[in-house]
Amino acid sequence: MLGSVCCSYAGRHTNCREFCQAIFRTDSSPSVSQIKTVKEYCQDVSPQLIGCVGNYTKSYPIRSPVDSLFCCDRAEDTHCQSACRRILRTRTTEQEIIDELISECDRQPLPQDPLWQCFLGSAHSPPISDPDPPSTGRVACAKLHCCSKANTSLCRSMCQDVSTNWRSQTWQEFDQMCEYNPVEAELVTCLADIREPCQLGCKDLTYCTNFNNRPTELFRSCNAQSDQGAMNDIKLWSNGTIHMPFMSIPVLDIRRCRPEMWKAVACSLQIKPCYSKSRGSIICRSDCVDILTQCGDRRRFREGQTPERICDMLSPTDDPERCIPLERYLSPSTLKDVMEEVLHPCNPNPCPLNQLCEVNRKGCHPGLECLPYLCVPGCKLCEGSEFLVHMETLIQVPSLNGQAGCYELCVCGQNGRLESCMEMPCVDTSKTCTVGGQRKNHGTSFMVDCQPCSCYAGEVICSRRQCLGADSSEDERRRFTGLPCHCPDQFVPVCAWNGRTYPSACVARCMGLQDSQFQFGSCWDHWPCSPNPCPKNQRCIPKRRVCLSNTTEYPCRQYECVSSSLSCDKTELDPACDAANVEHSNLCLLYQRGKTPAYMGHCQDACRLSHPVCGHNGETYTTVCEAYSDRVAVDYHGRCHAVGTVSEFSSDTVCGAVRCPPLSTMDCNPVTPPGACCPLCAGMLRIVVNAGQMDVFAKVREPPVTVHDILRILRLHVSVPQCDVFGYLSIDSEIVILIVPVDQQPTALQVGGAVCCAPLNPALTAPAPLSYFIECKHRPDG
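Residue 1 is where the sequence shown starts when you use full-length UniProt numbering, and the numbers rise one by one after that.
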């Protein structure tokens with residue numbers, strides 16, 4: 001915790017913060033080089049930081065240079081490795097060692113360089129000669145999550161080793177065998193998401209300036225270190241050789257042969273643009289072949305080496321979703337004067353090391369400084385991880401026995417550690433699914449006819465969407481309503497035991513519900529506190545929820561009981577508006593004062609009076625504010641009276657009589673969510689849920705997992721205040737997530753630039769196996 005306090009003084013000075021973190025991350029005594037580097041980078045930034053680090057390092061003995069011999073193995077070439085060992089054995093002062101390492105290895109001491117990472121103490125690596133494995137407390141659970149994605153047993157085993165063992169040699173072998181193996185793209189992408197999650201926006205670069213002013217693009221490593229790293233790479237490459245983990249590529253003088261192209265390569269590999277299926281560090285094959293054809297030094301190529309063969313290993317694809325097209329970064333961005341239309345409050349991260357940054361959507365107490373972000377406590381995903389998860393989040397952690405498919409279910413506790421862990425039944429991830437004669441691996445997503453499906457431990461999990469085959473008769477097409485089981489498109493709602501309103505008893509029965517498991521009328525029309533189910537000394541409060549378990553064995557209560565004598569934190573800000581349009585700082589204070597809640601959020605004059613709206617979930621809300629408080633977007637104004645189709649192949653429905661609200665902007669290509677009548681500007685994410693696994697979670701957690709649980713987690717991944725997350729359980733048992741622009745009149749950049757379609761990466765914190773199908777709708781030229 002002391003490290004978090006000390007390094008928080010660095011503020012937004014990334015270099016200073018990186019080297020400060022190295023002091024506290026190391027497993028052994030801080031070295032003179034570490035301490036000196038912090039002083040050099042942080043002296044002008046924060047005297048408090050220097051003093052804090054100084055107090056910490058006083059009590060530690062100084063390490064001998066030979067204690068860092070194991071770091072030499074992380075150098076990129078054999079000459080540097082040999083020189084490093086010689087220097088550490090023969091030189092005594094830190095300044096001599098650093099100067100000679102820079103001279104012999106031609107590498108500046110940058111935080112992202114593997115040699116200097118280790119030498120300056122940020123690699124956590126004990127000497128190779130140490131035969132004892134580290135304690136399980138140093139396990140990197142975040143990385144362990146990725147190991148199950150390996151396609152080869154070798155890389156799976158090595159991944160588990162490097163996630164539980166800090167030996168540098170293991171990392172080198174993993175880099176050589178798996179990092180550039182196209183078969184392991186899914187594994188490598190997952191690890192990249194752990195090390196450097198994608199973030200929107202890139203700015204303030206002084207060397208890779210063509211990457212600036214791109215608020216709607218995603219990058220893994222847009223910071224000063226990467227900017228300096230690209231410049232340093234160009235300097236190294238200018239010597240005539242590009243050193244890779246498993247090969248060296250001889251090149252001509254890149255200062256004369258296509259220098260702008262080489263700069264784009266270096267900057268791309270350091271800044272790492274994110275694409276949907278790429279780890280962000282592979283340039284496209286055509287660019288690779290082009291630049292090596294013109295600038296490769298063929299006189300020094302090894303026998304059999306050609307630009308094509310080299311690029312087949314480094315950049316085997318031209319798929320724009322899997323590689324970086326250099327053409328985009330050969331010229332500056334056209335976006336300059338509109339940058340303020342898309343804000344990134346958490347990029348760069350302004351919070352202390354042990355806290356997470358999230359967009360401030362709650363506002364601030366009157367009279368206090370109001371920042372656009374909030375710093376909230378978090379837990380490390382095991383002690384060996386820097387990856388943080390939110391407090392009170394339910395976390396699936398791989399079992400430390402290394403067996404694939406075995407997990408523990410833990411909670412991020414108030415003490416900042418994972419606690420209350422329970423073992424879950426193991427899942428056989430080796431089982432495959434056979435669909436249409438093709439074998440599908442565990443965890444893969446695919447379409448069967450019009451149904452989104454996923455393979456889970458040999459079982460095919462699909463939505464219950466009704467399909468209309470290409471060979472359907474005219475009569476079948478005429479009778480097809482687009483609803484489950486060809487149910488008529490009549491809106492006679494029923495409320496199911498799980499809190500979901502279905503448009504008719506026919507649809508409810510088609511979803512597997514018995515007549516005893518639903519009652520007529522929408523769920524919001526039923527008052528859950530009548531008769532009062534709570535003890536005499538407690539008050540019943542309605543708490544609407546839609547549960548995802550598949551059986552009534554686990555109750556989906558629509559209320560909670562609160563004490564009549566509540567003790568509330570007046571400093572907590574999570575505004576709630578009561579039925580009299582009076583705002584309270586938080587819901588607890590509202591209950592303490594005996595008021596009835598109307599909706600969460602600041603009180604809005606527009607919602608003072610009842611103006612019913614129909615949500616995408618088929619519920620009628622008294623106001624738009626009430627719908628938004630339930631994280632549901634509005635389909636149309638007025639009470640719900642029509643049900644939209646689920647299938648895109650359906651014929652005309654009663655939605656024809658619905659008067660749809662105008663689109664928020666004409667700059668989008670709108671989507672019509674399943675079961676809705678009206679289109680809207682949004683990005684749409686459809687999730688197929690494994691209800692059986694939800695039942696397993698329900699056995700160890702009360703209450704069962706809900707749609708709101710999923711929405712709360714995904715909402716944390718939307719990093720711009722111009723967008724927000726809404727969602728519902730569709731009538732064919734998919735979770736539909738909508739990422740919607742929330743400005744009154746969103747601009748072309750906000751919508752056309754697909755800002756509200758930014759990819760989400762909830763896999764680590766999602767409480768169950770979920771399969772994702774993304775539809776980001778934006779202008780074709782956006």
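Backbone N, C-alpha and C fix where the C-beta goes; we use that ideal spot for every residue, glycine too.
Only a predicted model underlies this, so the values are computations on that prediction, with no experimental measurement involved.
Cut-off 6 angstroms between Cβ atoms - residues of its own chain near residue i, not counting five sequence neighbours on either side
i: residue 812; result: This structure does not reach residue 812, given that the chain is present from 1 up to 782, and the question cannot be answered.
i: phenylalanine 19; result: Thr37, Val38 and Tyr41
i: histidine 637; result: Val613
i: phenylalanine 174; result: Met158 and Val162
Cβ-heavy atom distance, residue i to the ligand MG, below 7 angstroms
i: threonine 293; result: The ligand content of the structure shown is nil, which means the ligand MG is not present either.
Among the options, the one whose alpha carbon lies nearest that of residue i
i: cysteine 208; options: Ser157, Ala192 and Cys267; result: Cys267
i: asparagine 181; options: Thr164, Phe491, Asp204 and Asn151; result: Asn151
i: cysteine 433; options: Cys147, Leu374 and Gly443; result: Gly443
i: serine 221; options: Asn239, Ile234, Trp237 and Cys202; result: Cys202
i: isoleucine 254; options: Leu236, Ser248 and Phe491; result: Leu236
i: arginine 298; options: Pro320, Arg328, Asn347 and Ser248; result: Ser248
i: valine 718; options: Asp732, Val654, Pro741 and Lys440; result: Pro741
i: isoleucine 731; options: Arg712, Cys681, Leu685 and Val646; result: Val646
i: proline 398; options: Leu49, Glu423, Cys178 and Leu335; result: Glu423
i: cysteine 485; options: Val53, Val494, Cys561 and Arg464; result: Arg464
i: glutamine 676; options: Ser664, Arg659, Val688 and Gly692; result: It should be pointed out that residue 676 corresponds to alanine in this sequence rather than to glutamine. Measuring from the Cα of alanine 676, the nearest candidate turns out to be Arg659.
i: histidine 611; options: Leu314, Cys467, Lys543 and Val624; result: Val624
i: leucine 374; options: Ser454, Glu572 and Cys382; result: Glu572
i: alanine 142; options: Cys311, Ile737 and Thr164; result: Thr164
i: threonine 551; options: Pro533, Val696 and Phe491; result: Val696
i: proline 597; options: His641, Asp569, Lys536 and Pro542; result: Pro542
Assumed close pair residue i, residue j - CB separation to whole angstroms, cut-off 8 angstroms
i: proline 703; j: cysteine 547; result: 7 angstroms
i: proline 721; j: proline 215; result: Actually they are not in contact, since the Cβ atoms of proline 721 and proline 215 sit about 12 angstroms apart, beyond 8 angstroms.
i: arginine 593; j: cysteine 561; result: 18 angstroms between Cβ atoms; not a contact.
i: aspartate 233; j: leucine 205; result: The pair is not a contact, with the Cβ atoms about 14 angstroms apart (cut-off 8 angstroms).
i: cysteine 284; j: leucine 218; result: At roughly 17 angstroms, the Cβ-Cβ gap does not stay under 8 angstroms, so cysteine 284 and leucine 218 are not in contact.
Burial state of residue i (16 or more Cβ within 10 Å)
i: valine 183; result: exposed
i: glycine 229; result: buried
i: glutamine 82; result: Note that residue 82 is serine in the sequence shown, not glutamine. When all chains shown are included, serine 82 counts as exposed.
i: asparagine 498; result: buried
i: tryptophan 524; result: buried
i: glycine 296; result: buried
i: lysine 149; result: buried
i: aspartate 27; result: A caution first: aspartate 27 carries a pLDDT of 40, below 50, which makes its placement in the model unreliable, though a value can still be read off. Per the 10 Å Cβ criterion, exposed.
i: serine 125; result: In this prediction, serine 125 scores a pLDDT of 34, lower than 50, which makes its location untrustworthy; the coordinate-derived value is nonetheless stated afterwards. Buried, since its Cβ has 16 or more Cβ neighbours within 10 Å.
i: alanine 263; result: Before going further, note that residue 263 is lysine rather than alanine in the sequence given. Classification of lysine 263: buried, given that the 10 Å Cβ count is 16 or more.
i: tryptophan 116; result: buried
i: glycine 482; result: buried
i: glycine 363; result: exposed
i: alanine 10; result: buried
i: serine 331; result: exposed
Cβ-based neighbour list, residue i, same chain, cut-off 8 angstroms, excluding 5 preceding and 5 following
i: valine 632; result: Gly615, His616, Asn617, Glu619, Tyr621, Phe726, Gly727 and Tyr728
i: serine 135; result: The predicted position of serine 135 is uncertain, since its pLDDT is 34 and thus under 50; no value can be drawn from it.
i: glycine 469; result: Asp449
i: glutamine 294; result: Cys257 and Arg258
i: methionine 600; result: Asp574, Pro575, Ala576, Cys577, Leu587 and Ser629
Span of the beta strand (DSSP E), counted from its first residue to its last, around residue i
i: aspartate 635; result: 634 to 637
i: tyrosine 559; result: 559 to 563
i: valine 740; result: 734 to 741
i: tyrosine 599; result: 597 to 600
i: threonine 241; result: 241 to 243
i: arginine 439; result: 438 to 440
i: valine 389; result: 388 to 390
i: glutamate 358; result: 355 to 359
i: glycine 615; result: 613 to 615
i: methionine 447; result: 445 to 448
i: arginine 539; result: 538 to 542
Enclosing alpha helix (DSSP H) for residue i [first to last residue]
i: methionine 422; result: Premise fails: methionine 422 lies in the beta strand (DSSP E), 418 to 423, not in any alpha helix (DSSP H).
i: proline 268; result: Looking at the sequence itself, residue 268 is serine, so the reference to proline does not match. Counting along the chain, the alpha helix (DSSP H) containing serine 268 begins and ends at 259 to 271.
i: cysteine 159; result: 153 to 164
i: isoleucine 254; result: No alpha helix (DSSP H) contains isoleucine 254, which DSSP labels as neither H nor E.
i: glycine 683; result: No alpha helix (DSSP H) holds glycine 683; the beta strand (DSSP E) holding it covers 683 to 689.
i: alanine 505; result: 505 to 510
i: leucine 205; result: No alpha helix (DSSP H) holds leucine 205; DSSP gives it neither H nor E.
Beta-carbon proximity list for residue i, same chain, < 7 angstroms, skipping 5 on both sides
i: alanine 496; result: Tyr502, Ala508, Leu513, Gln517 and Phe518
i: leucine 356; result: Val376, Gly378, Leu388 and His390
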